[in-house]
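Novice: So the sequence shown is numbered by the numbering used here: it starts at 4 and just counts up by one.
We put the beta carbon where it would ideally sit given N, CA and C, even for glycine.
Structure below; questions to follow.
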Amino acid sequence: MKAYQGKPPAVYVLALLAIFTACLTAEAAAQAAPPPRERTLVFVGRSDGSPTLSAPNNANWYGFGADIRNGFQFVYEPLFTLNHLTGEHIPWLAERYKYNDDFTSVQVFIRKGVKWSDGADFDAEDVAFTLNMLMENGRTRRDLAKSVETAALIKLVTVEDKLTLRIDLNAPDPRYIYRQLTNYFGLGLQWVPRHIWKDVADKAGFTFLDIEKGWPVGTGAWKVVKTSPTEMILDRRNDWWGVAAGFRPLPAVERIVAIAAPDDERNAQLIINNQIDQTQTLATPSLVKSILDRNPKLTTFSGRKPPYGYLDYSSHSLYFNHMAEGSPFQDVRVRRAVVHAINRKQLIEFAWDGANTPNYTPLPAFEKLQPYVDGTTDLVKKYGVDVFDLALSAKLMTEAGYKKDSEGLWAKDGKRAGGPLEMQPQYAGVGQVIAQQLKRAGFDARFTSTPDSFRKFRVGQSVWHIFGHNGGGVFDTNDTLRMYTTKNKAPIGTMSFFVSRWSNPEFDTIFEKMERLPIGDPALVPLYKGAMDIWYREAVEVPLEQAYHLQALNETYWTNWPSEQNPYAPACLNCFVSGWGALLAHSLKPVK
């Protein structure tokens, strides 16, 4: 064939241009094409009864009102995480830590090779910047989450070199590593990129979300590519630092999708039809069983048998708002009357189909906490915490000056004892039973569960509510007891997970002694008993039953879900901000 020489004809140029354009179009199409369903992980996000995801346009975990459990949790990674099911302390962005002899200082050693999603190095400067930002805010504006706590805990942060920092504490604290540097359940901090956040003036109002800029910038293996009120989509970053650093292989999950489903009925429909791979936490074991019966590919953490889930740290209680002005529950006799109006056996039978156990403490039933529970059984008897007795309840109400009105409800000076009993939708099964029991005992208990309930009782706008113990202990009692200390009693109007808003100086003194002792010290058990004697005497709240996370898991597209036989993590993608969701997503294996 004769080689062409000279100026090419127009037809030849057009042909080349057509081929080039076709190649670009094909490449763009390939890049835009979503991963197949068998490489996509779909779960139900947080909505608290609303048809939309909660806070889908705010990736700033430190901004009040944000909720990073709808997808943003896969962008962020922890220094350490804890598998409370096995006790394993798992290094992630950090390799190790080292306390000094008196627990007043801890060194943290960052893993080499960690990168932010924009290519910048993640190092000790980023951790120090985050801690200093929170410390400063906690001493001034106090409008960032965890800032007050951080300022109270830390004296000074020193960057010793690129991968090493030292944190000097305000007081000896052998538990500090678990409070801020280890992420599990709702505990632990999120780390922000210094090179971006240092130039942000209003950090509380900063949403850190701009997909065109690649925000939020994180160290995680997935990036956000779409957000909307009903859906959030994240795609795998093939340049994730963990592969080059030899930390972990690239996860098999190429795309993660969080969708909104406002109620259990919608959750059930979606997973039965294989449209999602994990439900939101479901209300009752019977509901989970009915879902499993309709799809043989479904399972749970406990397989296809009760309790259809795993034990949670957030054991359920009926809380009183001790700071609510004019509340009938300011009177300890009224609080004790409520204690004796609760029939836990009936509660478990109706709300849990018998697949739960009564609880008489603020602690979950984890093995390492059992010595503390056993050490206070005599206090449970002493204060009648386990006694269901409507006659005794009525006697206490009469002593408090109450009489039953024409509708059979306790009233005093024209005001009934009770009010809206607020709770999130996942507590609805429990709450409906409790509300009926209280009503039979003469209390004005109005079952109330709306998308706004969570906010209401966290800012102190309800007089009583049903909730768990967000931030409580799993191997040590101190993280539970600190919920009832004066320094953690938030004023009305301030968002808090410590929703009883109760404290006592004598209780504080005992707690401070416990704080100075290392985890597992034998002296902790008698000190705990002393603190709980005050707690039971004052009827601070009414413990109800243990908590279980009940989620249906779909094995149509993904296997290696956590289970009783393989408890490498809790089986929940969206329950917490802990890093567990990412660990789970890293560990799932495709069916094909």
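(1) At what residues does the alpha helix (DSSP H) containing glutamate 128 begin and finish?
(2) Leaving out five residues before and five after valine 390 in sequence, what residues of the same chain have Cβ atoms less than 7 angstroms from its Cβ?
(3) Alpha carbon to alpha carbon, what distance is there between proline 37 and alanine 29?
(4) So, using beta-carbon positions, are leucine 156 and valine 162 closer together than 8 angstroms?
(5) Do serine 590 and threonine 84 have their CB atoms nearer than 8 angstroms?
(6) Between which two residues does the beta strand (DSSP E) carrying glutamate 91 extend?
(7) I'd like the list of long-range same chain contacts for leucine 17, defined as Cβ closer than 8 angstroms, with 5 residues on each side in sequence excluded.
(8) With the cut-off set at 8 angstroms, would you say isoleucine 469 and histidine 319 are in Cβ contact?
(9) Quick one: using the 10 Å Cβ neighbour count with 16 as the cut-off for buried, is methionine 498 buried or exposed?
(10) Using only CA atoms, which one of Leu88, Asp126, Asp238, Glu41 lies nearest to tyrosine 187?
(11) Spell out a yes or no on whether the region 72-86 and the region 181-197 are touching, meaning 3 or more CB-CB pairs, one atom from each, closer than 8 angstroms.
(12) Please determine if the region 507-514 and the region 280-299 are in contact, where contact requires at least 3 C-beta pairs separated by less than 8 angstroms.
(13) Since valine 160 is in the beta strand (DSSP E), which residue starts that stretch and which ends it?
(14) Whose CA, out of Lys415, Gln76, Trp538, lies closest to the CA of asparagine 577?
(15) Let me confirm a value: asparagine 569 is counted as buried when at least 16 other C-beta atoms fall within 10 Å, else exposed. Which label applies?
(16) So what does DSSP say about aspartate 2, is it helix, strand or coil?
(17) Can you give me the C-alpha to C-alpha distance between glutamate 567 and arginine 72, rounded to a whole angstrom?
(18) Measuring CA to CA, which of Asn324, Pro81, Asp296 is closest to valine 545?
(19) Run through DSSP, which three-state label would phenylalanine 510 get?
(20) Check whether the region 143-160 touches the region 237-245, counting contact only when three or more Cβ pairs, one atom from each stretch, lie closer than 8 angstroms.
(21) Can you have a look at asparagine 173 and say buried or exposed, based on whether 16 or more other CB atoms are within 10 angstroms of its CB?
(22) Within its chain, find whatever has a CB closer than 7 angstroms to the CB of isoleucine 180; leave out the 5 residues flanking it on each side and keep chain order.
(23) Which residues in the same chain as glycine 496 place their Cβ atom closer than 8 angstroms to its Cβ, once the five residues preceding and following it in sequence are excluded?
(24) Taking Cβ positions, are isoleucine 522 and aspartate 479 nearer each other than 8 angstroms?
(25) Can aspartate 129 and lysine 165 be called in contact, C-beta distance under 8 angstroms?
(26) State the CB to CB distance for the pair valine 596 and glutamate 257, rounded to an integer number of angstroms; the pair is presumed to be in contact (CB under 8 angstroms).
(27) Counting pairs of Cβ atoms below 8 angstroms between the region 428-447 and the region 292-304, do you hit three or more?
(28) How many Å lie between alanine 420 and glutamine 281 at the Cα?
(29) Return yes when the Cβ of phenylalanine 209 is within less than 8 angstroms of the Cβ of proline 219, no when it is not.
(30) Taking only the alpha-carbon atoms, compute the straight-line gap between proline 94 and arginine 251 and give it to the nearest angstrom.
(31) Between the C-alpha atoms of aspartate 205 and aspartate 70, what's the straight-line distance to the nearest angstrom?
(32) Flag this pair as yes or no: are the beta carbons of methionine 426 and serine 452 separated by less than 8 angstroms?
(33) Grouping DSSP H, G and I as helix and E and B as strand, with all else coil, what is arginine 49?
(34) Please look up how many angstroms separate the CB atoms of proline 423 and glycine 52, rounded, as I've assumed it's under 8 angstroms.
(35) If we ignore side chains and look at the alpha-carbon of each, how far apart do proline 54 and threonine 233 end up?
(36) Here's a check: name, in chain order, each residue in its chain whose Cβ is nearer than 7 angstroms to the Cβ of arginine 519, leaving out the five neighbours to either side.
Specialist: With the structure as the only source:
(1) Within the sequence shown, residue 128 is the residue found at index 125, counting from 1. Element bounds for glutamate 128: 127-142.
(2) Against the sequence shown, residue 390 aligns to sequence position 387. Here the set comprises His343.
(3) Numbered from its first residue, the sequence shown carries residue 29 at position 26. Numbered from its first residue, the sequence shown carries residue 37 at position 34. The pLDDT assigned to alanine 29 is 40, lower than 50, so where the model puts this residue is not dependable; a value taken from the coordinates is nonetheless given after this. Cα to Cα, alanine 29 sits roughly 14 angstroms from proline 37.
(4) As a position in the sequence shown, residue 156 is number 153, starting the count at 1. As a position in the sequence shown, residue 162 is number 159, starting the count at 1. For leucine 156 and valine 162, no; Cβs fall outside 8 angstroms.
(5) Locating residue 590 in the sequence shown gives position 587, where the first residue counts as 1. Locating residue 84 in the sequence shown gives position 81, where the first residue counts as 1. With contacts defined as CB atoms closer than 8 angstroms, serine 590 and threonine 84 fail to qualify as a contacting pair.
(6) Translated into positions along the sequence shown, residue 91 becomes position 88. Residues 91-94.
(7) Taking the first residue of the sequence shown as position 1, residue 17 is located at position 14. With a pLDDT of 39 at leucine 17, under the threshold of 50, the predicted position of this residue should be treated as unreliable, and no value is reported.
(8) Counting from 1 along the sequence shown, the entry for residue 469 is found at position 466. Counting from 1 along the sequence shown, the entry for residue 319 is found at position 316. The answer is yes: Cβ separation under 8 angstroms.
(9) Taking the sequence shown and counting its residues from 1, one reaches residue 498 at position 495. Result: exposed.
(10) The residue you call residue 187 lines up with position 184 of the sequence shown. When C-alpha distances from tyrosine 187 are compared across Leu88, Asp126, Asp238, Glu41, the shortest belongs to Leu88.
(11) As far as the Cβ criterion goes, the region 72-86 touches the region 181-197, which means the pair count is three or higher.
(12) Result no; under three Cβ-Cβ pairs closer than 8 angstroms.
(13) Walking along the sequence shown from the start, residue 160 turns up at place 157. Membership of valine 160 in the beta strand (DSSP E) is indicated by the continuous run 157-164.
(14) The residue given as residue 577 occupies position 574 in the sequence shown. Ranking the options by Cα distance to asparagine 577, first place goes to Gln76.
(15) Counting from one through the sequence shown, the residue named residue 569 turns up at place 566. Per the 10 Å Cβ criterion, exposed.
(16) The displayed coordinates of the chain run from 4 to 595. Any statement about residue 2 would go beyond what the structure contains.
(17) Position 564 of the sequence shown, counted from the start, is the residue given in the question as residue 567. Position 69 of the sequence shown, counted from the start, is the residue given in the question as residue 72. A direct Cα-Cα distance of roughly 24 angstroms separates glutamate 567 from arginine 72.
(18) Position 542 of the sequence shown holds residue 545. Nearest of Asn324, Pro81, Asp296 to valine 545, Cα basis: Asn324.
(19) The residue you call residue 510 lines up with position 507 of the sequence shown. Residue state, collapsed to three classes: helix.
(20) No: fewer than three Cβ pairs fall under 8 angstroms.
(21) As a position in the sequence shown, residue 173 is number 170, starting the count at 1. Exposed.
(22) The count along the sequence shown starts at 1 and reaches residue 180 at position 177. The answer, listed in chain order, is Tyr100, Val109.
(23) Here residue 496 is taken as the residue at index 493 of the sequence shown, counted from 1. Answer for glycine 496: Val462, Gly463, listed in chain order.
(24) Here residue 522 refers to the residue found at position 519 of the sequence shown. Here residue 479 refers to the residue found at position 476 of the sequence shown. Here isoleucine 522 is near aspartate 479, since their CB atoms are less than 8 angstroms apart.
(25) Along the sequence shown, read from residue 1 onward, the residue named residue 129 stands at position 126. Along the sequence shown, read from residue 1 onward, the residue named residue 165 stands at position 162. Between aspartate 129 and lysine 165, the C-beta gap is not smaller than 8 angstroms, which leaves the two residues out of contact.
(26) Outside the shown range of the chain (4 to 595) lies residue 596, about which nothing can therefore be said.
(27) The region 428-447 vs the region 292-304: no contact.
(28) Locating residue 420 in the sequence shown gives position 417, counting from the first residue. Locating residue 281 in the sequence shown gives position 278, counting from the first residue. Rounded to the nearest angstrom, the two C-alpha atoms are 41 angstroms apart.
(29) Locating residue 219 in the sequence shown gives position 216, where the first residue counts as 1. Locating residue 209 in the sequence shown gives position 206, where the first residue counts as 1. Going by C-beta atoms, proline 219 is not nearer than 8 angstroms to phenylalanine 209.
(30) Residue numbering aside, residue 94 sits at position 91 when the sequence shown is read from its first letter. Residue numbering aside, residue 251 sits at position 248 when the sequence shown is read from its first letter. One C-alpha to the other measures close to 12 angstroms.
(31) On the sequence shown, residue 205 is found 202 positions in, with the first residue counted as 1. On the sequence shown, residue 70 is found 67 positions in, with the first residue counted as 1. Between the alpha carbons of aspartate 205 and aspartate 70 lies a gap of roughly 19 angstroms.
(32) Position 423 of the sequence shown holds residue 426. Position 449 of the sequence shown holds residue 452. Yes.
(33) As a working note, residue 49 is residue 46 in the sequence shown. DSSP places arginine 49 outside both helix and strand once states are collapsed to three, so it counts as coil.
(34) Translated into the one-based positions of the sequence shown, residue 423 becomes position 420. Translated into the one-based positions of the sequence shown, residue 52 becomes position 49. Not confirmed; about 15 angstroms, so no contact.
(35) Within the sequence shown, the letter at position 51 stands for residue 54. Within the sequence shown, the letter at position 230 stands for residue 233. Cα to Cα, proline 54 sits roughly 7 angstroms from threonine 233.
(36) Here residue 519 corresponds to residue number 516 of the sequence shown, with the count starting at 1. Cβ neighbours of arginine 519 beyond the five flanking positions: Pro175.
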